[in-house]
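*Asks:* Structure incoming, see below.
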Ligand code: 4NP
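In structure tokens form, the structure reads like this:
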């Protein structure tokens, strides 16, 4: 695929803990970008510091692996102000994550308008657009499966959106 000027060179995926949704999204996005021939730096982070240094949740690891996504080596970290300088696009898994990211961004002086664009991860998705990727932490196996289904769909929608801009 041709790289269009609107294709970001870096994307950061963000959820609360960085142990369930965003590490899964990181690997799904990485694989889909590679298939599309896009060279994009991809990373993930959490708004909270509770799981910093942890591997992804074992349930997320298991469900991701069953769909061909190996996430066991990823390590949780917390988002920081530098990320808003380093990344072109920061995608929030749910509306609360987006509000928390907006609050951090609002606290950073940005006279040259160089900070990352913020959006909901589902924003471009024709099926799930505007919806949260629901937090599966207190859920069951079906919830972890739904996370993967929504992430695959919404990541593909972003990549499609960069074909026609
Ligand atoms: P994540 O899921 O935001 O998708 O990583 C969660 C992980 C941990 C917690 C909540 C959500 N927690 O409360 O510890």
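Numbering (our numbering), first residue to last: 135 to 299.
Beta carbons are placed, not taken as given, at the ideal position from N, Cα and C, and that holds for glycine.
The structure presented is a predicted model; accordingly, all values stated were derived computationally and were not measured.
Just to confirm, is the Cβ distance from residue 210 to residue 153 under 8 angstroms?
*Replies:* Numbered from its first residue, the chain shown carries residue 210 at position 76. Numbered from its first residue, the chain shown carries residue 153 at position 19. Closer than 8 angstroms, so yes.
*Asks:* Would you kindly report the start and end of the unbroken beta strand (DSSP E) that includes residue 177?
*Replies:* Here residue 177 refers to the residue found at position 43 of the chain shown. First-last of the beta strand (DSSP E) with residue 177: 175-180.
*Asks:* Which one of 271, 280 and 274 has the shortest CA to CA distance from residue 265?
*Replies:* Translated into positions along the chain shown, residue 265 becomes position 131. When each option's Cα is compared against that of residue 265, the closest is 280.
*Asks:* Please state if the CB of residue 160 and the CB of residue 173 are separated by a distance shorter than 8 angstroms.
*Replies:* Here residue 173 refers to the residue found at position 39 of the chain shown. Here residue 160 refers to the residue found at position 26 of the chain shown. No. Outside cutoff.
*Asks:* Buried or exposed: where does residue 200 fall if 16 or more other Cβ atoms within 10 Å of its Cβ makes it buried?
*Replies:* Within the chain shown, numbered from 1, the residue matching residue 200 stands at position 66. Label assigned to residue 200: exposed.
*Asks:* Quick check for students: name the residue ranges of the alpha helix (DSSP H) that lie wholly in the segment 167-220, counting only runs of 4 or more.
*Replies:* 192-200 and 217-220
*Asks:* Ends of the beta strand (DSSP E) at residue 146?
*Replies:* Sequence index remark: in the chain shown, residue 146 carries index 12 (1-based). Run containing residue 146: 144-149, per the beta strand (DSSP E) assignment.
*Asks:* Is residue 153 helix, strand or coil when you go by DSSP?
*Replies:* Reading the chain shown from its first residue, position 19 is the one you call residue 153. If DSSP states are grouped into helix, strand and coil, residue 153 belongs with coil.
*Asks:* Tell me, which residues are paired with residue 224 by DSSP?
*Replies:* For the purposes of this step, residue 224 is identified with residue 90 of the chain shown, where counting begins at 1. According to DSSP, residue 224 bridges with 146 and 252.
*Asks:* Taking the alpha helix (DSSP H) that residue 231 belongs to, which residues open and close that run?
*Replies:* Numbered from its first residue, the chain shown carries residue 231 at position 97. Taken as a continuous stretch (DSSP letters only), the alpha helix (DSSP H) holding residue 231 covers 229-240.
*Asks:* Considering only their Cβ atoms, is the gap separating residue 234 from residue 224 smaller than 8 angstroms?
*Replies:* Position 90 of the chain shown, counting from 1, holds the residue named residue 224. Position 100 of the chain shown, counting from 1, holds the residue named residue 234. Against a cut-off of 8 angstroms, the Cβ pair of residue 234 and residue 224 comes out as no contact.
*Asks:* Any heavy atom of the ligand 4NP closer than 7 angstroms to the CB of residue 293?
*Replies:* Locating residue 293 in the chain shown gives position 159, counting from the first residue. No; taking the cut-off as 7 angstroms, the Cβ of residue 293 has no heavy atom of the ligand 4NP nearer than that.
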